[in-house]
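Colleague:
2 protein chains.
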Amino acid sequence: MPAQRAANSASRQPRPSITLEAVTAAALRTLQRDGLDSLSMRRLADELSIQAPSLYWYVRNKDELLDLLADALLADLRLDTLVRDDGDWRRELREMMQEYRKYLLSKRDSGRVLAGRLQLGPHFLHHAEVILGAVRRAGFGDQDTADSLYSLTQYVQGFVLHETSPLSADVARGTDPMEFLEAARDRLAHLSEEEYPNVVAVGSRLARPDIEARFNYGLDRLLDGLRVRLEEANALS
Amino acid sequence: MPAQRAANSASRQPRPSITLEAVTAAALRTLQRDGLDSLSMRRLADELSIQAPSLYWYVRNKDELLDLLADALLADLRLDTLVRDDGDWRRELREMMQEYRKYLLSKRDSGRVLAGRLQLGPHFLHHAEVILGAVRRAGFGDQDTADSLYSLTQYVQGFVLHETSPLSADVARGTDPMEFLEAARDRLAHLSEEEYPNVVAVGSRLARPDIEARFNYGLDRLLDGLRVRLEEANALS
DNA sequence: ACCTGAACACCGTTCAAGT
DNA sequence: ACCTGAACACCGTTCAAGT
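Chains as they are written, first to last, in the working numbering: chain A, 2 to 238; chain B, 2 to 238.
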């Protein structure tokens with residue numbers, strides 16, 4: 002909660018003046034266009050045709066701006082359309098998480114912005130509501146429902162963060178990711194078989210190019226595990 | 002692979018001179034003492050009683066230093082002692098992942114350093130070897146083994162990253178995390194029940210203080226899901 | 001109420017020059 | 001082979017001052 006609010010400047014509206022919403026919108030634009038590393042207070046100020054120190058009237062510091070951004074980032078995600086009340090909660094959650102991943106991949110650096118932020122903003126709460134609905138309809142208890150929400154969303158966020166971060170300094174400096182993966186595979190295949198028997202044995206599978214399949218693998222294990230949990234609970238009652 | 006190596010300065014050893022190992026050791030020290038945000042090239046140079054530009058003889062840029070750090074960070078992790086050949090692979094993997102989490106929590110900012118880096122350094126490979134061994138002994142196929150390794154380690158890393166990051170700008174600025182959690186619970190409890198029925202219903206469970214239980218919840222679902230997968234595969238053969 | 005200019009204390013990195 | 005000094009192009013943030 003910022004100490005000052007700019008929204009009610011309409012009370013006497015003498016100056017057009019910038020609103021907090023305009024600031025976050027500009028930040029979102031800059032993020033999408035130039036990436037998180039380029040999102041400095043000075044650049045953002047430029048985007049708003051303003052001087053950098055002026056931003057501190059709307060926001061206490063950059064961290065608070067990023068908190069705002071983290072929630073604003075989720076504005077266009079549509080999970081509601083995936084709600085199905087046919088009892089197939091596994092498929093419902095699966096599709097929601099796949100959509101969540103796709104969405105995050107479409108928003109530049111969203112994984113890094115979201116990492117480790119619990120903002121409870123309006124958009125986050127809306128999506129939590131939808132996901133929690135699916136979990137509760139499946140029949141989970143309250144604590145299980147809450148924990149399941151975190152397990153699922155955190156899996157997706159962690160995966161996307163990993164997936165979108167430069168895998169190494171090489172890639173950050175411009176090496177083609179596919180080339181990097183191939184080099185990694187090569188590297189793994191030629192390790193000492195005495196020292197790393199297991200790594201060598203599955204080497205080529207560790208650096209698989211089909212990253213979506215890897216995402217689905219973990220997601221499906223998680224969902225299977227949730228089903229087991231649900232069956233166990235039902236068996237008791 | 003850095004373009005220059007300093008290790009073989011022993012070939013004629015006229016100067017004591019700094020080695021690459023000394024650089025990463027100093028970086029590790031600085032990280033543990035002052036945190037990642039304080040780990041600048043200038044600070045690190047200070048730690049080595051050297052000028053900042055000198056570091057660029059050992060390392061191409063800061064990103065490469067962080068890659069080195071990411072592997073060095075894993076040096077003291079001991080998973081070998083958790084190997085048990087009694088067939089209880091679920092317990093084996095569970096204990097390994099719990100140990101991994103505890104270890105990461107003990108190393109300052111390790112989650113942030115590790116996030117999104119696939120370095121294939123010697124320490125990483127050693128731990129991968131141990132974990133892959135447990136998964137393979139359980140009877141998983143090669144691709145499943147590789148994917149399982151990622152699902153498990155990524156879950157742990159993602160969880161720890163979330164767990165150790167400041168939850169919001171408030172906490173970053175000094176608000177007590179417990180206080181923040183309580184405020185969050187309070188906030189959730191007073192939301193509009195029409196707009197957020199599910200969030201309100203499980204509200205108090207969403208901000209549970211027992212974060213370890215939440216970690217175990219997701220971990221156990223993942224492990225249960227892996228068991229299901231294994232049983233399905235065995236049923237086919 | 002909103003915005004600016006000037007300033008402080010930093011960054012990562014390059015590059016010519018030293019030994 | 002290893003290290004430095006000086007410099008470039010940036011940062012986030014504070015603060016007194018303007019309108």
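Every residue, glycine too, gets a C-beta built ideally from N, C-alpha and C. All values reported here derive from a predicted model rather than from experimental measurement.
1. Can you tell me whether N199(B) is helix, strand or coil according to DSSP?
2. Taking only three categories from DSSP, how would you classify A76(A)?
3. By Cβ distance below 8 Å, which residues in the same chain neighbour G36(A) in space, the five residues on each side in sequence not counted?
4. Which residues in chain A sit within 7 Å of H163(B), going by Cβ to Cβ distance?
5. Please check if any C-beta of chain B sits within less than 7 Å of the C-beta of Y101(A).
6. Is it buried or exposed, E93(B), if we count other Cβ atoms within 10 angstroms and call 16 or more buried?
7. Could you have a look at Y156(A) and say whether DSSP puts it in helix, strand or coil?
8. So, does the stretch 149-166 of chain A touch the stretch 151-171 of chain B, judging by three or more C-beta pairs under 8 Å?
9. Could you tell me which chain B residues have their CB closer than 9 Å to the CB of A235(A), listed as they occur along the chain?
10. Is L153(A) closer than 7 Å to M98(A) when the C-beta atoms are compared?
11. Mapping DSSP to helix, strand and coil, what is Y57(B)?
12. What residue range does the alpha helix (DSSP H) around S193(B) cover?
13. Label L56(A) either buried or exposed according to how many other C-beta atoms from any shown protein chain fall within 10 Å of its C-beta, with 16 as the threshold for buried.
14. Mind checking if Y59(A) is an interface residue toward chain B, Cβ cutoff 7 Å exclusive?
15. Between the alpha carbons of M42(A) and K63(A), how many angstroms are there, rounded?
16. Over the uninterrupted alpha helix (DSSP H) stretch that includes R95(A), give me the two end residues.
17. Please list, in chain order, the chain A residues whose beta carbon lies closer than 8 Å to that of E195(B).
18. So if I threshold CB-CB distances at 7 Å, which residues from the stretch 129-148 of chain A count as touching chain B?
19. Which value, in whole angstroms, describes the spacing of the CA atoms of V114(B) and V24(B)?
20. Could you work out which residues of chain A lie near D89(B), taking near to mean beta carbons separated by less than 8 Å?
Modeller: Judging by the given coordinates:
1. Within the second sequence, residue 199(B) is the residue found at index 198, counting from 1. DSSP places N199(B) in helix when its eight states are reduced to three.
2. As a working mapping, residue 76(A) is identified with position 75 in the first sequence. If DSSP states are grouped into helix, strand and coil, A76(A) belongs with coil.
3. Translated into the one-based positions of the first sequence, residue 36(A) becomes position 35. Same-chain partners within the cutoff: R109 and D110.
4. As a position in the second sequence, residue 163(B) is number 162, starting the count at 1. The contacting residues are G117 and Q155.
5. On the first sequence, position 100 is the one that residue 101(A) refers to. It does not; no Cβ of chain B falls within 7 Å.
6. Here residue 93(B) refers to the residue found at position 92 when the second sequence is read from its first residue. When all chains shown are included, E93(B) counts as buried.
7. For the purposes of this step, residue 156(A) is taken as residue 155 along the first sequence, with counting starting at 1. The answer is helix: DSSP assigns Y156(A) an H, G or I state.
8. yes
9. Position 234 of the first sequence holds residue 235(A). Per the sequence presented here, residue 235(A) reads as Asn, with Ala not at that position. Residues of chain B passing the Cβ test: none, with the nearest at roughly 15 Å.
10. Here residue 98(A) is taken as the residue at index 97 of the first sequence, counted from 1. Here residue 153(A) is taken as the residue at index 152 of the first sequence, counted from 1. Cβ distance < 7 Å, so M98(A) and L153(A) count as in contact.
11. Mapped onto the second sequence, residue 57(B) falls at position 56. Helix, per DSSP.
12. Residue numbering aside, residue 193(B) sits at position 192 when the second sequence is read from its first letter. Where S193(B) is concerned, there is no enclosing alpha helix (DSSP H), given that its DSSP letter is neither H nor E.
13. Reading the first sequence from its first residue, position 55 is the one you call residue 56(A). The residue in question, L56(A), is buried, as its Cβ has 16 or more Cβ neighbours within 10 Å.
14. Taking the first residue of the first sequence as position 1, residue 59(A) is located at position 58. No, because no Cβ of chain B sits closer than 7 Å to the Cβ of Y59(A).
15. As a position in the first sequence, residue 42(A) is number 41, starting the count at 1. As a position in the first sequence, residue 63(A) is number 62, starting the count at 1. Rounded to the nearest angstrom, the two C-alpha atoms are 7 Å apart.
16. One-based indexing of the first sequence puts residue 95(A) at position 94. First-last of the alpha helix (DSSP H) with R95(A): W90 to S107.
17. Here residue 195(B) corresponds to residue number 194 of the second sequence, with the count starting at 1. Correct list: empty, because the minimum Cβ distance to chain A is about 11 Å.
18. A129, E130, L133, G134, R137, D143, Q144, T146, A147 and D148
19. If you number the second sequence from 1, residue 114(B) lands on position 113. If you number the second sequence from 1, residue 24(B) lands on position 23. Whole-angstrom Cα-Cα distance: 16 Å.
20. Here residue 89(B) refers to the residue found at position 88 when the second sequence is read from its first residue. Result: empty, since nearest Cβ-Cβ is about 17 Å, beyond 8 Å.
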